[in-house]
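Reviewing the structure listed below.
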Amino acid sequence: EPEVTQTPSHQVTQMGQEVILRCVPISNHLYFYWYRQILGQKVEFLVSFYNNEISEKSEIFDDQFSVERPDGSNFTLKIRSTKLEDSAMYFCASSGSFGTGSNEQFFGPGTRLTVL
Amino acid sequence: GNSVTQMEGPVTLSEEAFLTINCTYTATGYPSLFWYVQYPGEGLQLLLKATKADDKGSNKGFEATYRKETTSFHLEKGSVQVSDSAVYFCAFLNSGGSNYKLTFGKGTLLTVNP
Chain A
743 EPEVTQTPSH QVTQMGQEVI LRCVPISNHL YFYWYRQILG QKVEFLVSFY NNEISEKSEI
803 FDDQFSVERP DGSNFTLKIR STKLEDSAMY FCASSGSFGT GSNEQFFGPG TRLTVL
Chain B
868 GNSVTQMEGP VTLSEEAFLT INCTYTATGY PSLFWYVQYP GEGLQLLLKA TKADDKGSNK
928 GFEATYRKET TSFHLEKGSV QVSDSAVYFC AFLNSGGSNY KLTFGKGTLL TVNP
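Chains as they are written, first to last, in our numbering: chain A, 743 to 858; chain B, 868 to 981.
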């Protein structure tokens, strides 16, 4: 069964460093998402991406964040200068098509980011 | 604004007990409703969904009914198992328009003891 994969599973970095979180969505999906979950809190939407551009982003997704689909299979989230409060579990998701409420978003296992 | 309120945890039950996790939502339009489950050390998995009023989603013995009049989507299971121990998230997705993001509740940790 196709699945979303994410690497690394755990990333430890120093404050101020750049990190890139990687995701391989399900191969025939067209829509990609990043969510994050700060420990003990709810899962929060960061950004959605379609046709090589951002479709929607939350207020969390400021200028320190960027997303890219560098090739036909990877989808990356970059944080330019990490802050302590960026420590969280980051989930990638993908779905087949937009706009209908019945679409299922398939989630990866997450990358735990720890900023020291 | 749009939000999901679900029962605070943790919830601890004995095997074969009845489970209810309450979930209510505030959303514009006619959202689709979901329950996601997160087993220890794993990512989010879709447990069940309902896309319109009065629909009942079901999977693995879990059920939830889309109640538009009470804006609720409570999760139930008649007889829980140890393997059901996980965190359960209620979520909705607005249909149409430009809002395609899932909005999640805070999650409810369920522990089932043998």
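We treat Cβ as the ideally placed atom computed from N, Cα and C, and that holds for glycine.
Closer than 9 Å to chain B by CB, residue i
i              : result
residue 844(A) : Here residue 844(A) scores only 45 on pLDDT, less than 50, and its place in the model is too uncertain to base an answer on.
residue 748(A) : yes
Under 9 Å between C-beta atoms of residue i and residue j
i              : j              : result
residue 969(B) : residue 901(B) : yes
residue 777(A) : residue 838(A) : no
residue 872(B) : residue 895(B) : no
residue 899(B) : residue 916(B) : yes
residue 748(A) : residue 853(A) : yes
residue 979(B) : residue 947(B) : yes
residue 971(B) : residue 761(A) : no
residue 775(A) : residue 835(A) : yes
residue 848(A) : residue 913(B) : yes
residue 746(A) : residue 765(A) : yes
Listed by chain order, chain A residues near residue i by CB distance under 7 Å
i              : result
residue 973(B) : 783 and 784
residue 910(B) : 833, 849, 850, 851 and 852
Which of helix, strand or coil DSSP assigns to residue i
i              : result
residue 836(A) : strand
residue 949(B) : helix
residue 793(A) : coil
residue 826(A) : helix
residue 759(A) : coil
residue 847(A) : coil
residue 783(A) : coil
Per-residue contacts from residue i into chain B (C-beta, under 8 Å)
i              : result
residue 790(A) : 967 and 968
Partners in chain A for residue i, counting only beta-carbon separations shorter than 9 Å
i              : result
residue 956(B) : 784 and 785
residue 913(B) : 846, 847, 848 and 849
C-beta neighbour in chain A for residue i, strict 9 Å
i              : result
residue 871(B) : yes
residue 903(B) : yes
residue 942(B) : no
residue 916(B) : yes
residue 960(B) : yes
Please determine if the segment 809 to 818 of chain A and the segment 753 to 761 of chain A are in contact, where contact requires at least 3 C-beta pairs separated by less than 8 Å. no
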